[in-house]
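Novice:
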Amino acid sequence: MSTNPDIVLRFSDDDIENIASVQDFYTATGLDDFISDGTVSSVDQVWMNFEQCEDMLSIAVKNLRKQHRGWSAQAARTAASLDWMNYSPVQSPFTPRGELWIFRASRKEAAMDALRATKWWK
Numbered sequence: 000m001s002t003n004p005d006i007v008l009r010f011s012d013d014d015i016e017n018i019a020s021v022q023d024f025y026t027a028t029g030l031d032d033f034i035s036d037g038t039v040s041s042v043d044q045v046w047m048n049f050e051q052c053e054d055m056l057s058i059a060v061k062n063l064r065k066q067h068r069g070w071s072a073q074a075a076r077t078a079a080s081l082d083w084m085n086y087s088p089v090q091s092p093f094t095p096r097g098e099l100w101i102f103r104a105s106r107k108e109a110a111m112d113a114l115r116a117t118k119w120w121k
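Numbering (numbering that gives the first Met the number 0), first residue to last: 0 to 121.
The following block contains the structure:
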């Protein structure tokens, strides 16, 4: 895929080991600064590695279970899944692990079209 991001944020496993929500993830990676200053206004502008996104969902579930010991495993999984479904970055096979790709709002549609054209999910 030829679409290059405008901004690349790098993060390590240590940065995300304590996340329990997408907001925690945004804070841990520094993405919330780009949201606060208006650079990012839509989750379509932020891409991450699709396998790592699934891994982070598991981390969030594990940490939610620690924070809410009275919750069943299903309740923690449901809460984390709903959060990730609504607010997680676009999952992309082209984004390396440990990176978030940010596209400016003016370029997000072209980037999404390029990703869709690859039909990588089939």
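Glycine included, every Cβ here is placed at the ideal spot set by N, Cα and C.
Quick one, which of 7, 110, 38 and 56 has its alpha-carbon nearest residue 86's?
Specialist: Looking at the Cα atoms, 56 is the closest of the given residues.
Novice: Considering only the alpha carbon of each residue, which of 15, 41 and 34 lies closest to residue 53?
Specialist: Selected option, being the one with the closest Cα: 15.
Novice: At a cut of 8 Å, does the stretch 38-54 reach the stretch 62-71 through at least three beta carbon pairs?
Specialist: With a cut-off of 8 Å, the stretch 62-71 and the stretch 38-54 do not count as touching, because too few Cβ pairs lie within range.
Novice: Report the start-end ranges of each beta strand (DSSP E) in the stretch 9-92 that is 3 residues or longer and not cut off at the edges.
Specialist: Counting whole runs of 3 or more residues, the stretch 9-92 contains the beta strand (DSSP E) stretches 45-48 and 89-91.
Novice: Roughly how many angstroms separate the alpha carbons of residue 77 and residue 18, rounded to a whole number?
Specialist: Their Cα atoms are separated by approximately 16 Å.
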